[in-house]
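J.: Numbering (our numbering), first residue to last: 14 to 343.
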Amino acid sequence: MPQLCVMPGDGIGKEVIPAALQVLQEVIPDLETVPAEAGWACFEKHGVSVPQETLDAITACGAALFGAVSSPSRKVKGYRSAILTMRQALDLYANLRPVRSLPHISPAQGIDFLVVRENTEGMYAQREHRDGDTAIAERVITRAASLRIGQVAVDLAAQRDRKLLTIVHKANILPVTDGLFRDCVREAAADYPMVVVDELLVDIACLKVVSEPKRYDVIVTTNLFGDIISDVASYWAGGMGYAPSINIGRDAVLAEPVHGSAPDIAGQGIANPIAAILSAALLVRYAWQNEEGAVRIEEAVRAFLKTSGQDVLAGKLGTSAITDGVLKQL
Ligand code: NAD
Ligand code: IPM
Ligand code: MN
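1) On the three-state DSSP scale, how would you describe G135?
2) If the criterion is Cβ atoms closer than 8 Å, does the pair S333 and S292 meet it?
3) Got a sec? Which residues, its chain only, sit under 7 Å from A201 by beta carbon, not counting five neighbours each side?
4) Roughly how far, in whole angstroms, is the beta-carbon of D196 from the beta-carbon of K183, given that I think they are within contact range, below 8 Å?
5) Measuring alpha carbon to alpha carbon, tell me which of A203, R140 and V209 ends up nearest D174.
6) Counting only the same chain and skipping the five closest in sequence on each side, list residues whose C-beta sits under 7 Å from that of G24.
7) May I ask you to report which of helix, strand or coil DSSP gives E269?
8) Please work out which residues of its chain come closer than 6 Å, Cβ to Cβ, to E358, disregarding the five sequence neighbours upstream and downstream, and give them in chain order.
9) Between V245, T155, V40 and L193, which has its C-alpha nearest A138's C-alpha?
10) Does the beta-carbon of M99 have 16 or more other beta-carbons within 10 angstroms, so that it is buried, or is it exposed?
11) Got a sec, what are the start and stop residues for the beta strand (DSSP E) E212 sits in?
12) Sorry if obvious, but does the Cβ on D277 come closer than 7 Å to a heavy atom of the ligand NAD?
13) Helix, strand or coil for G282, going by three-state DSSP, please let me know.
14) Alpha carbons only, please: which of R130, I30 and L44 is nearest the one belonging to T235?
15) Measuring straight from C-alpha to C-alpha, what distance separates V47 and S224?
16) Here's the rule: buried if 16 or more other CB atoms are within 10 angstroms of the residue's CB, otherwise exposed. What is L326?
17) Under three-state DSSP, which class holds P297?
18) Tell me whether the beta-carbon of A95 lies closer than 8 Å to the beta-carbon of G22.
19) On a Cα-Cα basis, can you pick out the residue from L267, G338, T179 and K319 that is closest to L115?
20) Evaluate contact between the stretch 293-301 and the stretch 239-248, counting only Cβ atoms and requiring at least three cross-stretch pairs below 8 Å.
21) Given this structure, state the Cα-to-Cα distance separating Y255 from N285, to the nearest angstrom.
22) Any heavy atom of the ligand NAD closer than 7 Å to the Cβ of M253?
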C-alpha cells in the first residue's frame, strides 16, 4: 500500500495541502497517510523546525508532501528552515521544477521545460563567516554531487521529445567551482549520445528564460541559480500559484509547491491549490512510478482551467471551488 507523510506546515500550506490530498486520494484510493509536523509553528512548539520523528516518518513512508514554512527574515537562535533541514538530512539531492503553459492562465502557450536544481550544496552549504568588516560565504561544489545531478538531468532529457540539456553556470568568473560542475554534467551526459548538451552563463540564461522560453528543454544548474531561475520561470506557468516541485533522494522523495506560506493571504480560503495539486502529480509520477495517474491529475487541472481559467484569473474562485473543479474533471 503506498504511504505518504503529510506536512502542511505553516500559512497557506494548511489550506493547499488538504486540497492536494483530496485529489491524490481520488487517484490513489488505497493511499495511507501519516501526518507529521514541520515548520515555524512546530519550532515554536517543540524548539525544532523538523523533529526527528518527522524525518523518520518520511523515510518510513518513502514519500512526503510538504506545504510551506514561514521562516523569519531575522536570525532566530536554534531555528533552521524546515525545508532546508529536510533536503539535507534526507539527502534529497535533485529538485525538479517543471514549467508548463496552462490554458488561460499562462502568458503564452506551448512552453514546456524542466529546471533540474542541485539541491544539497553550492551556496546552500551556508558556510558564512565574518572577519571584522569582511563577510565571507563559501560555495561548495563537489564532483560526486555534480555527477549525480548531471545523471538525473541527462536521464530526464533522454526521456523527453527534444532531448536538449542546457547547463547553466558562471564558469567565466567561478572557473574552479562552476567549471567542475559543468565538466561533471558533461561527463555524465557522455553516455547519452541522443541528448544534445549545450551551456549558457547564468545571466544570459535568465534573459532567455524571459525572452525565448521555448528554447529550453531541460536546464541543469547549481543550487542558488536553480532557486532563482525557477521563480523567474514560474512566470510562464502563471506565477507562484502554478509552480510545482519535487525533491528526490535515494530513500525518499518530497513534493512541495515552490511558493511559500503566503502570510498576506493565509486563512482566507483564497490560496490557489494548483501548485500543490501539480506537486501531488509529481509524487504520483516519481514516488510511485504511476505515469498514467500523474497525467490524469495534470489533464484534470488543464481541463478545469480550460473551462474556468478566466474565473480563476478574475479571483472569483477560492481554494475549495478550484479543488472541486479539478476533482470533477478527474
Ligand atoms: P510566498 O511564495 O509565500 O508569497 C509570494 C506572493 O505570492 C504573495 O503575495 C502570496 O500571496 C502569493 N502566493 C504565493 N502562493 C500563492 C498561492 N498558492 N495562491 C495565491 N497566491 C500565492 O513568498 P514570500 O512572501 O516571499 O514568503 C513568505 C514566507 O514563506 C516567508 O516566511 C518565507 O521564508 C517563506 N517561504 C517558504 C518557502 C517554502 O517553504 N518552501 C518558499 C518560499 C518562501
Ligand atoms: C525554494 C525556497 C527555499 C529555497 C527557501 C524557503 C529556503 O525558496 O524552495 O525555492 O531557497 O530553496
Ligand atoms: Mn525559492
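A virtual CB, placed ideally from N, CA and C, is assigned to each residue, including glycine.
T.: So, from the listed chains and residues:
1) strand
2) no
3) L160, G163, Q164 and V167
4) Going by Cβ atoms, the distance from D196 to K183 rounds to 14 Å, so no, they are not a contact pair.
5) V209
6) A81, S83, S274, A275, P276 and A279
7) strand
8) Summary: the structure shown does not reach residue 358, with the chain confined to residues 14 through 343, and so no result is reported for it.
9) T155
10) buried
11) V209 to L214
12) yes
13) coil
14) R130
15) 43 Å
16) exposed
17) The sequence shown places Val at residue 297, rather than the Pro named in the question. V297: helix per DSSP, three-state reduction.
18) yes
19) K319
20) no
21) 8 Å
22) yes
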